[in-house]
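Data block below; observations after.
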Amino acid sequence: MTDPHVPLDRLAELGLDQLRSRWRLRYGAPPTIRSRELLALMLAWRLQAERDGGMETSVRRAMRRPGASRGLAALPPGARLSREWKGVRHDVIVEGDGRLRWEDGVYNSLSEVARAITGTRWNGPRFFGLREEGR
392 MTDPHVPLDR
402 LAELGLDQLR
412 SRWRLRYGAP
422 PTIRSRELLA
432 LMLAWRLQAE
442 RDGGMETSVR
452 RAMRRPGASR
462 GLAALPPGAR
472 LSREWKGVRH
482 DVIVEGDGRL
492 RWEDGVYNSL
502 SEVARAITGT
512 RWNGPRFFGL
522 REEGR
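Numbering (our numbering), first residue to last: 392 to 526.
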């Protein structure tokens, strides 16, 4: 199976070597991680970003500004963060007061939203692709 266009729901079925092959075909040298699960998540995120057009321009601009590493304070009201989890797309909107709206709830942090989505603890910025792996 050499097709790099494996459906997202099939990535979980692939072994580490197969995931590395998919990454190499599409993006070049794969990350040097040993976790099959993590590589599958990373590949799924990249594929989703390509398919859905990545982050909105306003979000990318906000992240490039000095101090953007401070987190959500740099994201403008109305910014939309999207993530697919277990085949379902989740959209989070930054409210005017800096809080986050997801489905029918309002949350104080991306970590709270990520936990509501997954049922487990996550680093919210990492879950939504706003933070690099090493940070």
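Note that beta-carbon positions come from the ideal geometry of N, C-alpha and C, so glycine has one too.
Classification of Leu438 by the beta-carbon crowding that lies within 10 angstroms, buried from 16 upward
Per the 10 Å Cβ criterion, buried.
Three-state class that DSSP yields for Arg492 in the structure shown
In the displayed model, Arg492 falls within a strand according to three-state DSSP.
Which residue spans inside the stretch 410-480 form an unbroken alpha helix (DSSP H) run of at least 4?
427-443 and 448-455
Touch test, the stretch 431-447 against the stretch 502-517, Cβ-Cβ under 8 Å, three pairs minimum:
no
For Tyr418, which residues of its own chain have a beta-carbon under 8 Å away from its beta-carbon, when the five flanking residues on both sides are left out?
Arg437
Among Gly478, Pro468, Arg415 and Tyr498, whose alpha-carbon lies nearest the alpha-carbon of Gly487?
Pro468
State the start and end residues of the unbroken alpha helix (DSSP H) segment that holds Phe518.
Gly515 to Phe518
Please report the Cβ distance between Val483 and Leu466, rounded to the nearest whole angstrom; I am assuming they are in contact, meaning their Cβ atoms lie under 8 Å.
Going by Cβ atoms, the distance from Val483 to Leu466 rounds to 10 Å, so no, they are not a contact pair.
Excluding five sequence neighbours on each side, which residues of the same chain lie with their C-beta closer than 6 Å to the C-beta of Ala505?
Trp513, Gly515 and Phe518
In angstroms with no decimal places, state the Cα-to-Cα distance between Leu410 and Val450.
29 Å
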